[in-house]
Amino acid sequence: MSTRGGALPLLALAIAGCMQNREAPPSSASAIVLDAASAESRTRVALERIAELNPRLNAVIAVDPTAVQQAQTLDRIRRARGPLFGTPVLIKDNIETLGPLPTTAGSMALANNVTDRDSPLVARLRFAGAVIVGKANLSEWANIRDNDSISGWSAIGGQVRNPYALDRNPCGSSSGSAVAVASGMVPMAVGTETDGSITCPAAINGIVGFKPTVGLVPRTHIVPISASQDTPGPMTLTVRDAALMLEAMAGSDPADPATPEADRRREPYAERLSPDSLRGRRIGVMRFADGFGTDERFEAALALLRANGAILVDIEQGPNRGEIGRNEFTVLLNEFKAGLNDYLAMTPATVTTRTLADVIAFNRATPRELALFGQDVFEAAEATPGLDSEAYRTARATSLRLAGAEGIDKLLRDHNVVALVGPTMPAAWPIDAVHGDQISGGGAGSLAAVAGYPHLTVPMGLVRGLPVGLSFIGPKWSDALILSLGYAYEQASRARVEPRFLNSIEESPDVAPLLEPAR
């Protein structure tokens, strides 16, 4: 846990302050009834849970020292309370929030990035009644620094650990957001995704994650990677909670040119959820993107979809994901350099790294930053010609066409289906400080990421004690439909299993005896 310039760690300081406040009798001006329904009670429970579990999981970079005060203010309000009233929420630490906490993206280069302003999505969550209890750890720089990275590691926050087996990777980059929800620290958290950064950690930690249509939720005051693909999204225990969060966060923002349609496209997502939404729906099964150890759970999920009225259509052939990926990488490199330089130029004077080149130099001069893996992707981004280059424009047009019009849209049209399903990711791989991430495969989530289309993952059970998720993918602006389809599956399956906080899956009573010699 970072000491933020030599002071007490903010997490310890905030927890200590909250405990002191609880021992003292409330003043007559702020006296409230601390019952289970109060914002203050729910906030204190979250803070206690963070204090208990975070030393083992490293999911939270810092607690907001104003969290209890926020809750007390909500409890004093007499007017109508918002749909998220008193709900403790963690914000991924690449998203700016009002107050004393810096927005670091996990990097020591941004340790002093205290902007004291809310991203529009955070302001909207507060308006809906949420209590912002702190900042979640993440894969540093949202996992774009190096190809040999360890997902869930940041120089400031350390290594996030999977609550199902502490030596397993939580995926990234919204690692802390996923683990905090999965472990019961908070019921809701905000993640961000460029390609898999919400859906992968959600699936691997056994929770719901939703990547909305790009442009539905604003990205203003978020450390960027890609103007084409970045989007924030909810990470929750249930699809209904994800729908409530999305409804609160969605909407147009004049500062984000991707969002002009958002106000018109925003819907009452929670009201649109129906346990019968699968009935009569034709859904494509992405056979070209299954496997990697998920077959048994996936087939069980498909059987349940059929039992609830879905008409399943196998799709054997998908788009050329290799070509999409090559063009996507060119896009990300160019957009990251441009976007980060713009962001850093507007940070407070306390931030001395004003360009990507400055960050690269800072990392070289800071041993902890490069001790486990390098910054090859940063250096490749710095060498790009920029957004006016023919190489960038061609790559963006190609990747968007192949993933969108000739990808998801064509699959839906050719097979007469309204959505696509497939396994989200394999079960979690071990944390590996020597070789970096060792991922055995992945579903078709990149298609939705590159096209900017909605992608929902819902728990579909365990593979040898580790969670895996079922993905629902649809066309642009089909967010309400995708959430409702996932909700119907969730209600029928009830597939989520609570984590056991094992040191390793090999010590599980289901696995350990099988590792011993036959007797």
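Residue numbering for the sequence shown is 829 to 1347, as defined by our numbering.
Here a beta-carbon is modelled for each residue, glycine too, at the ideal position from N, C-alpha and C.
Cα atoms of T1183 and L1140: separation of roughly 49 Å, rounded to the nearest angstrom. Distances from the CA of N965 to each of S1005, R1322, P948 were compared; the closest alpha carbon is that of S1005. Annotation for R1134: the continuous alpha helix (DSSP H) segment containing it runs 1123-1135. Straight through space, the alpha carbons of L912 and R1092 are spaced by roughly 22 Å. As the crow flies, the alpha-carbon of P1341 is around 18 Å from that of R1328. In the displayed model, I1301 falls within a strand according to three-state DSSP. Within the stretch 1043-1101, the runs of alpha helix (DSSP H) at least 4 residues long that lie entirely inside it are, in chain order, 1067-1077, 1090-1093. For L938, same chain residues with a beta-carbon under 8 Å away, outside a window of 5 residues either side, are P930, T931, T932, V1051, T1175, V1179, T1181 in chain order. Fully enclosed alpha helix (DSSP H) runs of no fewer than 4 residues occupy 1273-1279, 1307-1321 of the stretch 1263-1336, in order along the chain. Beta-bridge pairing by DSSP links S982 to G986. G1302 is positioned such that its CB atom lies closer than 8 Å to that of V1246.
By the CB criterion at 8 Å, G1019 and P1287 fall outside the cutoff. Going by DSSP, F1201 is part of no beta strand (DSSP E) at all; its letter is neither H nor E.
Per DSSP, the continuous alpha helix (DSSP H) segment holding V1187 begins and ends at 1184-1192. Annotated three-state conformation of R909 is coil, per DSSP.
V1042 is positioned such that its CB atom lies closer than 8 Å to that of T1059. Where P1029 is concerned, the enclosing alpha helix (DSSP H) starts and stops at 1027-1032. Contact between the stretch 1231-1238 and the stretch 946-960 is absent: fewer than 3 CB-CB pairs across the two stretches fall below 8 Å.
Membership of E1021 in the beta strand (DSSP E) is indicated by the continuous run 1016-1021. Rounded to whole angstroms, the separation of the alpha carbons of A895 and T901 is 10 Å. Around V1014, the same chain offers A874, P916, V917, L918, V961, A1008 as residues with beta carbons nearer than 7 Å, after the five sequence neighbours per side are excluded. Looking at the DSSP output, A1006 bridges to nothing.
In its chain, beyond the 5 residues on either side, V1113, L1140, V1249 have a beta carbon closer than 8 Å to the beta carbon of L1130. V1245 carries a coil assignment under DSSP once its states are collapsed to helix, strand and coil.
Counting C-beta pairs with one atom in each stretch, the stretch 963-980 and the stretch 1258-1271 have three or more that are closer than 8 Å, which means they touch.
For a cut-off of 8 Å, the C-beta gap from A1076 to A908 is around 15 Å, too long to register as a contact. Annotation for T1194: M936 place their beta carbon closer than 7 Å to its own, counting only its chain and skipping 5 residues before and after. The continuous alpha helix (DSSP H) containing A879 extends over residues 867-885. Straight-line spacing of the CA atoms in R1347 and E880 works out to 40 Å.
Between D1081 and V1045, the alpha-carbon positions lie close to 8 Å from each other. For Y1171 and M1016, the gap between their C-alpha atoms comes out near 27 Å.
Here L929 carries a coil assignment [DSSP, helix/strand/coil]. By the CB criterion at 8 Å, Y1315 and R1125 fall outside the cutoff. Spanning the alpha carbons of S1299 and A1138 requires a straight line of approximately 15 Å. In terms of CA proximity to I972, G934 leads the group D1260, G934, R877, Y992. In the DSSP secondary-structure assignment, P1251 is bridged to L1298.
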